[in-house]
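Everything below concerns the one structure shown next.
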Amino acid sequence: MSSSDIDSILIEDRQFEPPAAFAAAARVDEKALAALHRAAQKDHTGFWAALAQTELDWETPFTQTLDDSHPPHYRWFHDGRLNVSWNCLDRHLTMDGDKTAILFEGEKGDTRRLTYAELHRETCRFANVLKQLGVVKGDRVIIYMPMVPEAVIAMQACARIGAIHSVVFGGFSANALKDRIEDAGAKVVVTADGGHRAGKIIALKAAADSAIEHSAVKPEHVVVLKRTGEAIPMHAGRDLWWHDAVAGVSDDCEPVWVEAEHPLYILYTSGSTGKPKGIQHSSAGYLLGTVTTMKWVFDLRPDDIFWCTADVGWVTGHSYVAYGPLAAGGTVVMYEGAPTVPDAGRFWAICQRHGVTVFYTAPTAIRALMKFGDEIPARYDLSRLRLLGTVGEPINPEAWMWYHRVIGKERCPIVDTWWQTETGVHMIAPIPGAVATKPGSCTIPLPGIDADIVDEHGNPVTQSDKGGYLVIKKPWPSMLRTVWGDDQRYLDTYWSKFDNRYYVAGDSARRDEDGYYWIMGRIDDVLNVSGHRLGTMEVESALVAHHRVAEAAVVGRPDAIKGEGIFAYVVLKGERPTLGSEQKLTEELRAWVAEQIGAIAKPDEIRYSDNLPKTRSGKIMRRLLRTIARGEEITQDTSTLENEGILGQLRGKE
Ligand code: WT7
Numbered sequence: 078m079s080s081s082d083i084d085s086i087l088i089e090d091r092q093f094e095p096p097a098a099f100a101a102a103a104r105v106d107e108k109a110l111a112a113l114h115r116a117a118q119k120d121h122t123g124f125w126a127a128l129a130q131t132e133l134d135w136e137t138p139f140t141q142t143l144d145d146s147h148p149p150h151y152r153w154f155h156d157g158r159l160n161v162s163w164n165c166l167d168r169h170l171t172m173d174g175d176k177t178a179i180l181f182e183g184e185k186g187d188t189r190r191l192t193y194a195e196l197h198r199e200t201c202r203f204a205n206v207l208k209q210l211g212v213v214k215g216d217r218v219i220i221y222m223p224m225v226p227e228a229v230i231a232m233q234a235c236a237r238i239g240a241i242h243s244v245v246f247g248g249f250s251a252n253a254l255k256d257r258i259e260d261a262g263a264k265v266v267v268t269a270d271g272g273h274r275a276g277k278i279i280a281l282k283a284a285a286d287s288a289i290e291h292s293a294v295k296p297e298h299v300v301v302l303k304r305t306g307e308a309i310p311m312h313a314g315r316d317l318w319w320h321d322a323v324a325g326v327s328d329d330c331e332p333v334w335v336e337a338e339h340p341l342y343i344l345y346t347s348g349s350t351g352k353p354k355g356i357q358h359s360s361a362g363y364l365l366g367t368v369t370t371m372k373w374v375f376d377l378r379p380d381d382i383f384w385c386t387a388d389v390g391w392v393t394g395h396s397y398v399a400y401g402p403l404a405a406g407g408t409v410v411m412y413e414g415a416p417t418v419p420d421a422g423r424f425w426a427i428c429q430r431h432g433v434t435v436f437y438t439a440p441t442a443i444r445a446l447m448k449f450g451d452e453i454p455a456r457y458d459l460s461r462l463r464l465l466g467t468v469g470e471p472i473n474p475e476a477w478m479w480y481h482r483v484i485g486k487e488r489c490p491i492v493d494t495w496w497q498t499e500t501g502v503h504m505i506a507p508i509p510g511a512v513a514t515k516p517g518s519c520t521i522p523l524p525g526i527d528a529d530i531v532d533e534h535g536n537p538v539t540q541s542d543k544g545g546y547l548v549i550k551k552p553w554p555s556m557l558r559t560v561w562g563d564d565q566r567y568l569d570t571y572w573s574k575f576d577n578r579y580y581v582a583g584d585s586a587r588r589d590e591d592g593y594y595w596i597m598g599r600i601d602d603v604l605n606v607s608g609h610r611l612g613t614m615e616v617e618s619a620l621v622a623h624h625r626v627a628e629a630a631v632v633g634r635p636d637a638i639k640g641e642g643i644f645a646y647v648v649l650k651g652e653r654p655t656l657g658s659e660q661k662l663t664e665e666l667r668a669w670v671a672e673q674i675g676a677i678a679k680p681d682e683i684r685y686s687d688n689l690p691k692t693r694s695g696k697i698m699r700r701l702l703r704t705i706a707r708g709e710e711i712t713q714d715t716s717t718l719e720n721e722g723i724l725g726q727l728r729g730k731e
């Protein structure tokens, strides 16, 4: 059966029961799941309190589970104290220090294995280095690294001494890094000379130098990991090599016990304004979410080899590379490079080589690899795989079926996990031994997660064919605590819509007759490009920062691989280029946006017009622009347009 056949035979209500063999051995079966749901419904805080006691190691036990005296600010386990790195590393040493913690593979094929004992030693050493550099509890450390074990070591080292890390994705530009250094007020930056990606070298240190040069906040030190060996300048007094810094440093480092609510990290994500927001996560509540979901959703067992393909620069890489798998005592695979190097079989080669049993990736990657056909995965032994997962956007049924058939050999359940940077961990996802799956649905909320779909007035939507706002009605331990340095934005973005009663996710969704959730998309001006969030305003601000651009409007357009592509309408300060002569300027603007934000934000297409379509009140008619970008027929009322003549220009016809 070819992949094009799948589409036509697909019916929406196709359902896949948990495979019997899987269910029989699963951590959570149907009965156990029903018991978890009952316990959470009966006593929401008691349910989480019991898990916090059994799943985490506390230095000082908590006596109050939830402080909800100042909604929507919630504190979980707040009078307890613990250390996240202790929970991820030390507590496993007594059981089995020789167990593999990290299996690493570089893009060029180099591999490394770190046991728990080794990872513990390296983390302690680097924590001592940070201390020597003057980093104390509460200081911010920016981590701008390739996907190598040292990225996790740096994160764990921060956690060990109570420093707050903010990982910046290595694909972000110097300018984006500068904004984050400033907003976080970073004391130290940890980076590398470079990383390998898609056969190229990503010059991280050069970008860090440029970011710091232009930054109003000047980090005191830059620690540089030697990864590529390229010659790079080092600034005397400020920069030091990782290998020099750790040489001779003690591998003994007492953890700093922190309050449960102490911020573990800040991670920047896009919203509907031009400025990314620093999502602030807690220590204990966040960690609890990562361990419980590793066990419930990924059914993690001691002998599993778990691979989440996300970069540590995204929340997925935080929860399911750097923290969750380690907190649960698992073995995690890390891969530095691109999925198509040396060819589109790389993911499957890694699965075979390391014996991956649980594999977690994004629909965009599945679609991209599916394009190369079934023959490539067929060359590899994927028989150890037992569970597959997806995250980042709704997965189209065709890609789901391919994943199920060609990768999972119809044997592995697929967990489609809905969550966000803000939620910290999975919120709506199937528990693989207990919940039947439907291609394209993230199924039902996890125990202890009180999700709902509500209308404009906050009333539950009950019809199965109607969409509404996806909300969470009760606080949960791994939720964001605030927006770093901008609590008002926390209130405005997530809570004000329904008077602080519900957390508003920013997604619309519908629920079918079985209570299954189907995510429909964002309700705000946020794009989902290859499973990554980008604000339309962010791209617009980048465009208007160019000297030739007067005004810009950015919309999304469906894209077969990326999910959503970026389409920009631009009004220039001077003459509009004549039709057919825009190419040079378009390339210049695309490169400009990559420089301002990063390559992922490059518009796929740019169209020039004399002005933008606006309503009488001056609002840009985005819906009209989206219609045009999709090449669909215009059904909107265009009579309010100042100049109907621009329609031709917007369509690229004049
Ligand atoms: C947004 C969050 C959470 C890690 C990756 C992205 C979309 C995420 C799914 C899914 C449908 C999904 C939502 C959400 N999304 N997972 N399984 N099905 N949509 O994190 O950058 O914070 O983006 O991604 O729109 O709000 P993020």
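Position 93 of the sequence shown, counted from 1, bears residue number 170 in the numbering used here, the numbering being contiguous throughout.
Backbone N, C-alpha and C define an ideal beta-carbon position, used for all residues, glycine too.
No experiment lies behind these values; they were computed from the predicted model shown.
Name the one or two DSSP bridge partners that Tyr221 has.
Tyr221 is bridged to Thr268.
With distances taken between CB atoms, is the gap from Thr467 to Ala582 smaller than 9 Å?
In this structure, Ala582 does not lie closer than 9 Å to Thr467 by Cβ.
Beta-carbon within less than 8 Å of Val245's beta-carbon, same chain only, minus the 5 sequence neighbours each way: which residues are those?
Contacts found: Ile219, Ile220, Tyr221, Ala253, Leu254, Arg257, Tyr345 and Gly390.
Spatial distance of Thr717 from Val603 (CA atoms)
Near 26 Å, if we compare the C-alpha coordinates of Val603 and Thr717.
CB-CB under 6 Å to Pro537, same chain, minus the five flanking residues each way: which ones, in chain order?
Taken in chain order, the residues that qualify are Asp529 and Val531.
For Ala117, which residues from the same chain have a beta carbon less than 7 Å from its beta carbon, with the 5 sequence-adjacent residues on both sides left out?
Excluding the 5 residues flanking it on each side, Ala117 has same chain C-beta neighbours closer than 7 Å at Phe124, Pro524 and Gly525, in chain order.
Terminal residues of the continuous beta strand (DSSP E) containing Pro635?
Looking at the DSSP string, the run of the beta strand (DSSP E) that includes Pro635 is Val626 to Asp636.
Taking three-plus beta-carbon pairs below 8 Å as touching, is the segment 404-413 in contact with the segment 178-189?
A contact exists between the segment 404-413 and the segment 178-189.
Please find out if some non-hydrogen atom of the ligand WT7 comes closer than 8 Å to the beta-carbon of Asp493.
The closest heavy atom of the ligand WT7 lies less than 8 Å from the beta carbon of Asp493.
Any heavy atom of the ligand WT7 within a distance shorter than 8 Å of the CB on Thr438?
In this structure, Thr438 has its CB at a distance of at least 8 Å from all heavy atoms of the ligand WT7.
Indicate whether the contact test is met: 3 or more Cβ pairs, each with one atom in the segment 468-475 and one in the segment 427-444, closer than 8 Å.
Three or more pairs of CB atoms, one per stretch, sit closer than 8 Å, so the segment 468-475 contacts the segment 427-444.
Who are the Cβ neighbours of Leu143 in its own chain at under 7 Å, not counting the five residues just before and after it?
Cβ neighbours of Leu143 beyond the five flanking positions: Thr122, Tyr151, Trp153 and Pro552.
Entirely within the segment 252-306 and at least 3 residues each: give me those beta strand (DSSP E) ranges in chain order.
Listed in chain order, they are 265-269, 272-274, 277-279 and 298-302.
For Phe139, count the other beta carbons within 10 Å of its own beta carbon; 16 or more makes it buried, fewer makes it exposed. Which is it?
Answer is buried; the Cβ neighbour count reaches 16.
Between Pro471 and the ligand WT7, is the CB less than 8 Å from at least one heavy atom?
Yes, the Cβ of Pro471 comes within 8 Å of a heavy atom of the ligand WT7.
The ligand WT7 and Ala582: does any heavy atom of the ligand fall closer than 8 Å to the residue's C-beta?
Ala582 has its CB nearer than 8 Å to a heavy atom of the ligand WT7.
Hey, would you say Ile238 sits closer than 9 Å to Ala194, going by beta carbons?
With contacts defined by Cβ atoms closer than 9 Å, Ile238 and Ala194 do not form a contacting pair.
Identity of the residue in Arg578, Ile453 and Ile596 nearest Gly517 by Cα
Ranking the options by Cα distance to Gly517, first place goes to Ile596.
Opposite Thr559 in the DSSP bridges: which residues?
According to DSSP, which records beta bridges pairwise, Thr559 is partnered with Gln357.
Could you tell me if Gln787 is buried or exposed, where buried requires 16 or more neighbouring beta carbons within 10 angstroms of its beta carbon?
No answer is possible for residue 787: the residues shown for the chain start at 78 and end at 731.
Is Thr350 near the ligand WT7 - that is, is its Cβ less than 8 Å away from at least one heavy atom of it?
No.
Residue ranges of each beta strand (DSSP E) within the segment 578-631, 3 or longer
Listed in chain order, the beta strand (DSSP E) runs fully inside the segment 578-631 are 580-588, 594-599, 603-606 and 609-612, counting runs of at least 3 residues.
For Gln429, the nearest candidate out of Ala404, Gly450 and Arg463 (CA to CA)
For the residues Ala404, Gly450 and Arg463, the minimum Cα distance to Gln429 belongs to Arg463.
Please identify the residue among Ala236, Thr539, Ala511 and Val229 whose C-alpha is closest to the C-alpha of Val212.
Distance from the Cα of Val212 is smallest, within the candidate group Ala236, Thr539, Ala511 and Val229, for Ala236.
Please return the same chain residues whose Cβ sits closer than 7 Å to the Cβ of Leu128, not counting the five positions on each side in sequence.
So the list reads Leu365 and Thr369, once near-sequence residues are dropped.
Assumed close pair Thr417, Asp381 - CB separation to whole angstroms, cut-off 8 Å:
Wrong, their Cβ atoms sit about 26 Å apart, outside the cutoff.
So, helix, strand or coil for Val468, using DSSP?
Val468 falls in the strand class under three-state DSSP.
Within 10 angstroms of the Cβ of Gly215, are there 16 or more other Cβ atoms? Answer buried if so, exposed if not.
By the Cβ-count criterion, Gly215 is exposed, with fewer than 16 other Cβ atoms from all chains shown falling within 10 Å of its own Cβ.
Taking Ile382 as part of the beta strand (DSSP E), name the residues at either end of that continuous run.
Counted as a single uninterrupted DSSP element, the beta strand (DSSP E) harbouring Ile382 occupies residues Ile382 to Cys385.
Is DSSP giving Ala236 helix, strand or coil here?
Note: Ala236 maps to helix in three-state DSSP.
Would you kindly work out how many angstroms separate the C-alpha atoms of Thr177 and Val409, rounded to a whole number?
C-alpha separation (whole angstroms): 8 Å.
DSSP state of Leu364, grouped into three classes?
Correct three-state label for Leu364: helix.
Is it the case that the segment 314-332 contacts the segment 349-366, given that we only count it when at least three CB pairs across the two stretches are under 8 Å?
No, because fewer than three Cβ pairs between the segment 349-366 and the segment 314-332 fall closer than 8 Å, the two stretches do not touch.
The segment 155-166 touching the segment 330-342, judged by at least three CB pairs closer than 8 Å
Verdict: yes, contact present.
Opposite Met411 in the DSSP bridges: which residues?
Phe181, per the DSSP bridge assignment.
Assign Ser81 to buried or exposed, taking buried as 16 or more other Cβ atoms, counted over all protein chains shown, within 10 Å of its Cβ.
Confidence at Ser81 is low in this model, with a pLDDT of 33, below 50, so the placement of that residue should be treated as unreliable; the coordinate-derived value is given next. For Ser81, the number of other beta carbons within 10 angstroms of its own is below 16, and it is reported as exposed.
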